[in-house]
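Student: For reference, the structure I am asking about is given below.
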Amino acid sequence: MRQPSYLTRRAFLRIAVVGSRGFGTVHLAAMSRLRDEGLDIEYYTFSSSEQEARALAERFGAAGHFTNYDDVLSSGVDAVDLVVSHDAHVPMALKAFSAGKHVMLEKPIARSMEEAEAIVKAAEEHSLKFMVAENYHFNETFNELYRRLPSIGRVHTAIVRDIHFNQPRGWRKVREQMGGGAVIDGGIHMIHVMLNAMGDYSSVCSTVYRSGAVDMEGEDVGIAIFNFRSGAKGVYMYGWAFKDSPGVPIIEVYGDRGSIYEDPGSRLFMESRGFRYFARHGDLVVNGQRVEVPRKDMIAEEVRAFADYVDGRRRDNPMPTELELRDLRAVLDIYFASSKC
Numbered sequence: 145m146r147q148p149s150y151l152t153r154r155a156f157l158r159i160a161v162v163g164s165r166g167f168g169t170v171h172l173a174a175m176s177r178l179r180d181e182g183l184d185i186e187y188y189t190f191s192s193s194e195q196e197a198r199a200l201a202e203r204f205g206a207a208g209h210f211t212n213y214d215d216v217l218s219s220g221v222d223a224v225d226l227v228v229s230h231d232a233h234v235p236m237a238l239k240a241f242s243a244g245k246h247v248m249l250e251k252p253i254a255r256s257m258e259e260a261e262a263i264v265k266a267a268e269e270h271s272l273k274f275m276v277a278e279n280y281h282f283n284e285t286f287n288e289l290y291r292r293l294p295s296i297g298r299v300h301t302a303i304v305r306d307i308h309f310n311q312p313r314g315w316r317k318v319r320e321q322m323g324g325g326a327v328i329d330g331g332i333h334m335i336h337v338m339l340n341a342m343g344d345y346s347s348v349c350s351t352v353y354r355s356g357a358v359d360m361e362g363e364d365v366g367i368a369i370f371n372f373r374s375g376a377k378g379v380y381m382y383g384w385a386f387k388d389s390p391g392v393p394i395i396e397v398y399g400d401r402g403s404i405y406e407d408p409g410s411r412l413f414m415e416s417r418g419f420r421y422f423a424r425h426g427d428l429v430v431n432g433q434r435v436e437v438p439r440k441d442m443i444a445e446e447v448r449a450f451a452d453y454v455d456g457r458r459r460d461n462p463m464p465t466e467l468e469l470r471d472l473r474a475v476l477d478i479y480f481a482s483s484k485c
């Protein structure tokens, strides 16, 4: 393994992306954009394959690469960005904290509340910064929607749905490593959005199932109805089994004075170093009028927020841990309530 050669200047953030393949490439592309835009960030790739780690470092302009996690933890990086299988969240996060590293961890925080609480406790005991990488928390489409909810009056119904075709590979096919299936993986994004918009719920009924269209042990479809304490209802649908699915709004909210929904035709994509990735959902239609949403890259904003948090420029956690615990609890409620509708 080639040991990274650190620059003499002190970087604003030195971070190793552990799990640089798959969604890790999206993190690397966003980091490269941030650096090109002037953010003082130094990032490193990681793969068990020397050839792959080096190739990713060269493609995304990283400062160096690693092939061994212990080498990452004994290095001078400030933080690790863990983009790894769900079953690895607890052992790898706890090992990072023990080594004095801050942690940004891809959602979900863990597979169970017990695992999640162990991670939170370890971060607190070591007085280190910890943030769950829930990129939808930094998505301007949803943040603008939350701001505009008063304009539609008393909300009575919300619909969130993300149905597409995804053929998972590797660990995502294994229920034990996932802690479930599609709902705890990509589906937790939409739980986050629904609960941010609608508040606390009193009960949920649901069904989760394998359609047969996707080869995996866990569910590839989850459908739920939430009863919110406000009296409103929420309809949730997420799945990977839908070939040639139509372009529909990812969220619709209806009140007694109007509605808000996303325009799927205006979704934003970004490109960095020849890599194209999804950066933001579409503009909004509020009471029949189109509202343009700021063209911000949710992944880059997530990384920038974590950098500010680690550096001390931001004192509060940009993605409050209690929200991720809330989201995981809702996912587990969906699993527990399955077939009770």
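All residue numbers for the sequence shown refer to this note's numbering, where the first residue is 145 and numbers rise by one. By construction, the Cβ of each residue, glycine as well, lies at the ideal position given by its N, Cα and C atoms.
Mapping DSSP to helix, strand and coil, what is residue 241?
Tutor: helix
Student: When we look at the beta-carbon of residue 244 and count the other beta-carbons within 10 Å, is it buried (16 or more) or exposed?
Tutor: exposed
Student: Can you tell which of 294, 448 and 362 has the C-alpha that lies nearest to the C-alpha of residue 318?
Tutor: It is 362 whose Cα lies nearest to the Cα of residue 318.
Student: For the beta strand (DSSP E) that contains residue 280, what are its first and last residues?
Tutor: Residue 280 -> no beta strand (DSSP E), and no H or E assigned at all.
Student: Mapping the DSSP letters down to three states, classify residue 454 as helix, strand or coil.
Tutor: helix
Student: With respect to the beta strand (DSSP E) encompassing residue 208, which residues constitute its N-terminal and C-terminal limits?
Tutor: 208-210
Student: Inspect the beta-carbon positions of residue 334 and residue 378 and report whether they are closer than 8 Å.
Tutor: no
Student: When the Cα of residue 424 is compared with those of 406, 297, 227 and 326, which residue comes out closest?
Tutor: 406
Student: Would you tell me roughly how many angstroms separate the C-alpha atoms of residue 470 and residue 256, rounded to the nearest one?
Tutor: When rounded, the distance between both Cα atoms is 12 Å.
Student: From the DSSP secondary-structure annotation, give me the bridge partner or partners of residue 353.
Tutor: 365
Student: In angstroms with no decimal places, state the Cα-to-Cα distance between residue 216 and residue 429.
Tutor: 46 Å
Student: Just reading off the alpha helix (DSSP H) that residue 467 is part of, what are its end residues?
Tutor: 465-480
Student: Considering only residues of the same chain and omitting the five flanking positions on each side of residue 365, which have a CB-CB separation below 6 Å?
Tutor: 353, 355, 383 and 385
Student: Using 10 angstroms around the beta-carbon of residue 445, count the other beta-carbons present and answer buried if the total reaches 16, otherwise exposed.
Tutor: buried
Student: Shortest alpha-carbon distance to residue 218 belongs to which of 241, 205, 231 and 204?
Tutor: 241
Student: Between the alpha carbons of residue 169 and residue 401, how many angstroms are there, rounded?
Tutor: 43 Å
Student: Run through DSSP, which three-state label would residue 486 get?
Tutor: This structure leaves residue 486 out entirely; the chain is present only between 145 and 485.
Student: What residues in its chain sit with their C-beta under 6 Å from that of residue 368, if we drop five residues either side in the sequence?
Tutor: 348, 350, 380 and 478
Student: I need the boundaries of the alpha helix (DSSP H) containing residue 217, first residue and last residue.
Tutor: It spans 213-218 - the alpha helix (DSSP H) in which residue 217 sits, taken as one unbroken run.
Student: How many Å lie between residue 464 and residue 158 at the Cα?
Tutor: Inter-residue distance for residue 464 and residue 158 is about 22 Å (C-alpha atoms, whole angstroms).
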